[in-house]
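Input: a single structure, listed below in structure tokens.
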DNA sequence: CGTTGCCTTGACCCGTATCAATGCATGTGG
DNA sequence: CCACATGCATTGATACGGGTCAAGGCAACG
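Below is the structure:
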């Protein structure tokens, strides 16, 4: 349990105003005057693949803006089986649920190397009362989280194993693709936890798609897919 | 498509202050001074079993506080199969997603006779800017909706058919039970749409539970369950 | 008394879980 | 530099849960 996340701390939020991803971050709409209301330190925190931003039982003190990488939100069935209920992308907010009190609702674990801004809950609360701009951003996050949750239910938890995996691949392609048109393919076990299938079934399906050249692998667990071909495979009811 | 919902209209919100379920409604925390900010009419609207509060493509103009009864939120798979993504209970807010702009995300359909207060979106928006009390209530609704969505994913969309149905029964019992300790059991088809099973499979499971006297039916589609026995059936992994 | 809507039950088959072995890459220590 | 361990992906054989198709059953209702 080595604590080797990298932290860059500064008091206040001077760097937020010049943040490279501010256009999609929580503070996107803030004006200069708003930033002076931030009194508590905001840290830049980096997590390696597999590290946890927080656990279910962690003290509910910070929310995290995801600057780069992917984060999985995990809940556990009574028998201990993990189920990934959502994936967070750059611009998303991890731990938003603690802003209205109560505890974290998931384990948040880095699927890839992840850069975050760690924001004290108190900053969110005081700031959101003083500026409607932040409030609007927060409401937007709530809404997006809920829409995503609903679409996971309909697209990734219903239908045949093949369709579920294909829908996930399409989602990953549409939402996590980088400049070269490829995206990081999670390990089979994680895919299984997202679409409620065993790793073997996932492996069989992915292997089959690779044999038909609809999915091709690149170095570093990265994949490229033929969107149109994949979409076609779902049509057949 | 007869429009036979019952409407009782009044301008402003005089009746809200004396509302019988105000303790769990959206306006729970509002003070007298807040109500004067309500200029648009709030209607009491009643829906019969099977009627829609709104559809995906409806004009996004109102949110609904559920005063009594149950409402299902439905989305559709590409092939048209309906999937129930959430059930709303008295005190819940239907259509909350339109308060940040955009369209309804579901069809909202009465599972039982339903009484609602139909609140114009504009009332929510102007009021929430002027009183932090309402804002806190809204955030609470967002949070609850998300927590519910996540728990449906882990409890009702994962595991064996039996466990999913049992978890749903336990949820219905815990959340929709009335004074006599019984609750309304939705038709098999709706249960199937909630837990992603066919009506036949649901029927078989419910019938088996009735034979073992763990579930007993009362007149009027109402059911009573043996909570402890049911909970035990899930332990076996 | 027939119709309608929903529930139940049966027979059969397919899809996915399960159990088990092997392959393949990456890393580590001798 | 090789030998072995480790972690993940793949593949196969088999069992079984749930889907599918089809036929009643039962209650409410006109």
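Protein chains in written order, with full-length UniProt numbering: chain A, 1 to 237; chain B, 1 to 237. Note that the Cβ used here is the ideal one computed from N, Cα and C, for glycine as well. These figures come from a predicted structure and were not determined experimentally.
{"Query": "Buried or exposed by the 16-neighbour rule on C-beta atoms within 10 Å, applied to residue 143(A)", "Result": "buried"}
{"Query": "Short Cβ contact (8 Å threshold) for residue 229(B) with residue 214(B)", "Result": "yes"}
{"Query": "Cβ-based neighbour list, residue 94(A), same chain, cut-off 7 Å, excluding 5 preceding and 5 following", "Result": "53, 63, 64, 66, 71, 88, 108"}
{"Query": "Interface positions of the region 199-214 of chain B facing chain A (Cβ-Cβ less than 8 Å), listed along the chain", "Result": "none"}
{"Query": "Beta-ladder partner(s) of residue 93(B), from DSSP", "Result": "65(B)"}
{"Query": "Buried/exposed call for residue 198(B), threshold 16 Cβ in 10 Å", "Result": "exposed"}
{"Query": "Sufficient close CB pairs (3 or more, under 8 Å) joining the region 159-172 of chain B to the region 101-116 of chain B", "Result": "no"}
{"Query": "Any chain B beta carbon closer than 8 Å to residue 237(A)", "Result": "Bear in mind that the predicted position of residue 237(A) carries a pLDDT of just 46, short of 50, making it unreliable; the figure below should be weighed with that in mind. Cβ-Cβ to chain B under 8 Å: yes for residue 237(A)."}
{"Query": "Pairwise C-alpha distance: residue 92(B) and residue 183(A)", "Result": "39 Å"}
{"Query": "Whether residue 106(B) touches residue 73(B) by CB criterion (8 Å)", "Result": "yes"}
{"Query": "Meets three-Cβ-pair contact criterion under 8 Å: the region 151-164 of chain A and the region 186-198 of chain A", "Result": "yes"}
{"Query": "Beta-carbon neighbours of residue 83(B), restricted to chain A and to distances below 7 Å", "Result": "153, 154, 158"}
{"Query": "Given 8 Å, three or more beta-carbon pairs between the region 118-134 of chain B and the region 29-38 of chain B", "Result": "yes"}
{"Query": "Sub-8 Å separation of residue 153(B) and residue 83(A) beta-carbons", "Result": "yes"}
{"Query": "Coarse secondary structure for residue 107(A), derived from DSSP in three states", "Result": "strand"}
{"Query": "Best match in 231(B), 203(B), 207(B) for proximity to residue 171(B) [C-alpha to C-alpha]", "Result": "231(B)"}
{"Query": "CB contact check: residue 56(A) to chain B, cutoff 8 Å", "Result": "no"}
{"Query": "Element boundaries [beta strand (DSSP E), containing residue 47(A)]", "Result": "42-47"}
{"Query": "Sub-8 Å separation of residue 49(A) and residue 110(A) beta-carbons", "Result": "yes"}
{"Query": "Bridge-paired residues (DSSP) for residue 212(B)", "Result": "According to DSSP, residue 212(B) bridges with nothing at all."}
{"Query": "Boundaries of the beta strand (DSSP E) in which residue 114(A) is found, first to last residue", "Result": "114-120"}
{"Query": "Chain A contacts from the region 97-111 of chain B (Cβ-Cβ distance under 7 Å)", "Result": "97, 100, 105"}
{"Query": "Nearest candidate by alpha-carbon position, reference residue 139(A), set 100(B), 68(B), 69(B)", "Result": "100(B)"}
{"Query": "Nearest-angstrom Cα separation, counted from residue 206(A) out to residue 68(A)", "Result": "26 Å"}
{"Query": "Nearest to residue 79(A) (by Cα), restricted to the options 155(B), 30(B), 17(B), 20(B)", "Result": "155(B)"}
{"Query": "Boundaries of the alpha helix (DSSP H) in which residue 170(B) is found, first to last residue", "Result": "161-176"}
{"Query": "Sequence-distant residues of its chain with Cβ nearer than 6 Å to residue 27(A) (five each side left out)", "Result": "16"}
{"Query": "Which listed residue (176(A), 59(A), 234(A)) has its alpha carbon closest to that of residue 223(A)", "Result": "176(A)"}
{"Query": "Beta bridge counterpart(s) of residue 217(B) as assigned by DSSP", "Result": "223(B)"}
{"Query": "For residue 199(B), the three-state DSSP class (helix, strand or coil)", "Result": "helix"}
{"Query": "Inter-residue Cα distance where the pair is residue 9(A) and residue 210(A)", "Result": "With a pLDDT of only 47 at residue 9(A), under the threshold of 50, the placement of this residue in the model should not be trusted; the figure read from the coordinates follows. So the alpha carbons of these two residues sit roughly 45 Å apart."}
{"Query": "Between the CA atoms of residue 133(B) and residue 44(A) - distance to the nearest angstrom", "Result": "33 Å"}
{"Query": "Burial state of residue 219(A), where buried means 16 or more other Cβ atoms lie within 10 Å", "Result": "exposed"}
{"Query": "Coarse secondary structure for residue 56(B), derived from DSSP in three states", "Result": "coil"}
{"Query": "Distance between residue 97(A) and residue 33(A) (C-alpha atoms, nearest Å)", "Result": "27 Å"}
{"Query": "Local conformation of residue 183(A) per DSSP, three classes", "Result": "strand"}
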